[in-house]
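To start, the structure itself, in structure tokens.
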Amino acid sequence: MHFGRATAILGPALAAMLAATTGTLPVRAADTTDISANQRADKRDFTDSQIFDGFFKTAFGAEYHLAGRVDRIRKFEGPVRIFAEGETHPDRRAQLGRVVADIAKRVRHLDIAITDDADEANVTVHLVRDRNLNKTIQTFYGAERAKEIRESLDPQCLSGFRKNDKFEIEHADVILTIDNGDFVFLDCAYEELLQSLGPINDTDEVPWTMFNDNVQKGYFDVYDQYLMNILYHPQIKPGMTVQEVKSVLPQVMADVRSFVGKVNGLGQ
């Protein structure tokens with residue numbers, strides 16, 4: 001388990017929110033974490049009620065709220081293209097590519113891929129050394145806000161997005177540290193990329209989601225696949241309220257169960 005992960009809405013004139021996770025497992029222990037063993041032991045059978053509970057607790061609200069409304073669905077409309085910049089680290093770039101490909105495989109209605117063209121990208125992943133993390137955060141937020149973020153969240157990695165007045169995400173930035181071990185990198189990469197797509201609210205009330213301060217996975221688990229497939233289902237629109245989502249959720253969930261079951265071999 002590593003120190004805080006955070007998600008924010010970026011931009012000095014725009015709404016800003018943060019969601020973070022904190023932990024205490026040393027990096028050396030995290031390096032030896034057997035991700036495959038964790039996957040085999042992970043819970044894969046959930047009721048609709050359990051899934052809906054996690055969706056509403058992560059897709060609405062924000063753990064760290066600076067400004068703007070948090071009672072609406074936030075998501076990308078259209079293709080998501082990810083550009084990586086910063087420290088040259090072939091292993092981390094290759095791992096990032098595999099993470100993005102895995103997300104693309106497991107979220108049916110999300111068109112997401114790596115691009116080599118920075119101008120095409122609407123998500124930028126900034127690869128930094130741990131010693132430069134605070135300086136990078138300060139570059140995005142300014143000295144005063146960066147100090148507040150460090151004191152409140154103590155992030156190990158961070159992500160944020162800029163949205164328009166229709167609650168459509170226009171651009172996201174993800175900051176990942178490259179020198180804290182494989183498990184920390186993969187855990188951060190999955191959570192920060194997924195949270196930058198919309199579900200920014202961390203919760204300690206749902207034990208199965210990676211958007212829980214006390215949960216570290218290092219892979220895209222079945223429970224969070226349910227949450228992301230609901231969010232990116234065509235019937236779930238940016239700007240929808242809780243009640244609007246509830247009105248379409250039964251038919252959305254039928255489609256989501258079928259897809260998640262198929263891609264994970266759940267026999268549903």
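Residue numbering for the sequence shown follows our numbering, starting at 1 and increasing by one per position. We put the beta carbon where it would ideally sit given N, CA and C, even for glycine. All values derive from a computational prediction rather than experimental measurement.
Sub-8 Å separation of residue i and residue j beta-carbons
i, j, result
"Asn180", "Asp130", "yes"
"Arg93", "Ala104", "no"
"Leu133", "Gly86", "no"
"Ile230", "Phe46", "no"
"Ala59", "Gly198", "yes"
"Glu173", "Ser152", "One point to set straight first is that residue 173 is Asp, not Glu, in the sequence displayed. No, these two residues do not count as a Cβ contact at 8 Å."
"Pro238", "Glu77", "yes"
"Ile169", "Val125", "no"
"Asp224", "Met210", "yes"
"Ile175", "Thr136", "yes"
"Glu192", "Cys157", "yes"
"Asn38", "Lys166", "no"
"Ala113", "Val100", "yes"
"Asp48", "Met253", "yes"
Burial state of residue i (16 or more Cβ within 10 Å)
i, result
"Gln251", "exposed"
"Asn242", "Residue 242 is actually Val in this sequence, not Asn. Label assigned to Val242: exposed."
"Val260", "buried"
"Thr88", "exposed"
"Ala41", "exposed"
"Thr139", "exposed"
"Gly142", "exposed"
"Gly262", "Strictly speaking, residue 262 in this sequence is Lys, with Gly absent from that position. Exposed."
Collapsed DSSP secondary structure at residue i in the structure displayed
i, result
"Asp173", "strand"
"Lys43", "coil"
"Lys163", "strand"
"Asp31", "With a pLDDT of 49 at Asp31, under the threshold of 50, the modelled position of this residue cannot be trusted; read the value that follows with caution. If DSSP states are grouped into helix, strand and coil, Asp31 belongs with the helices."
"Pro26", "Because the pLDDT of Pro26 is 39, which lies under 50, any placement of that residue in the model is unreliable, and the number read from its coordinates should be weighed accordingly. Of the three classes helix, strand and coil, the one that applies to Pro26 here is coil, per DSSP."
Proximity to residue i [Cα-Cα], best of the options
i, options, result
"Ile236", "Phe259, Ile73 and Ile149", "Ile73"
"Ile200", "Ser36, Thr47 and Lys75", "Lys75"
"Arg257", "Leu231, Tyr226 and Gly239", "Tyr226"
"Val107", "Gln95, Cys188 and Val80", "Val80"
"Arg44", "Ser247, Trp208, Ala121 and Arg98", "Trp208"
"Tyr190", "Asp71, Gly97 and Ser36", "Gly97"
"Met228", "Gln195, Tyr219, Val263 and Gly218", "Gln195"
"Phe220", "Ser247, Asp187 and Leu249", "Asp187"
"Phe52", "Asp102, Ser247, Asp111 and Pro90", "Ser247"
"Phe185", "Lys57, Asp91 and Gln39", "Asp91"
"Glu205", "Val100, His171, Leu249 and Gln50", "Gln50"
"Thr203", "Glu192, Leu193 and Val215", "Val215"
"Glu244", "Ile178, Asp182, Asp71 and Asp48", "Asp71"
"His171", "Lys163, Ile178 and Thr177", "Lys163"
"His270", "Lys57, Tyr232, Gln95 and Glu144", "Residue 270 cannot be examined here, being either before or after the span of the chain that is shown, 1 to 268."
"Gln95", "Gly267, Thr177 and Leu249", "Thr177"
"Tyr122", "Asp102, Asp255 and Phe161", "Correcting the residue type first, residue 122 is Asn in the shown sequence and not Tyr. Taking only the C-alpha atoms, the option nearest Asn122 is Phe161."
Task: Whole runs of the alpha helix (DSSP H) within the stretch 132–161, excluding any shorter than 4 residues - done: Annotation note: the stretch 132–161 contains the following uninterrupted alpha helix (DSSP H) runs of length 4 or greater, listed N- to C-terminal: 133–141 and 143–153.
Task: beta strand (DSSP E) runs contained entirely in the stretch 71–144, provided each spans 3 or more residues - done: 80–86, 112–114 and 123–128
- [ ] Note down, one range per segment and in chain order, each alpha helix (DSSP H) of at least 4 residues found wholly within the stretch 175–236.
- [x] 182–195 and 222–231
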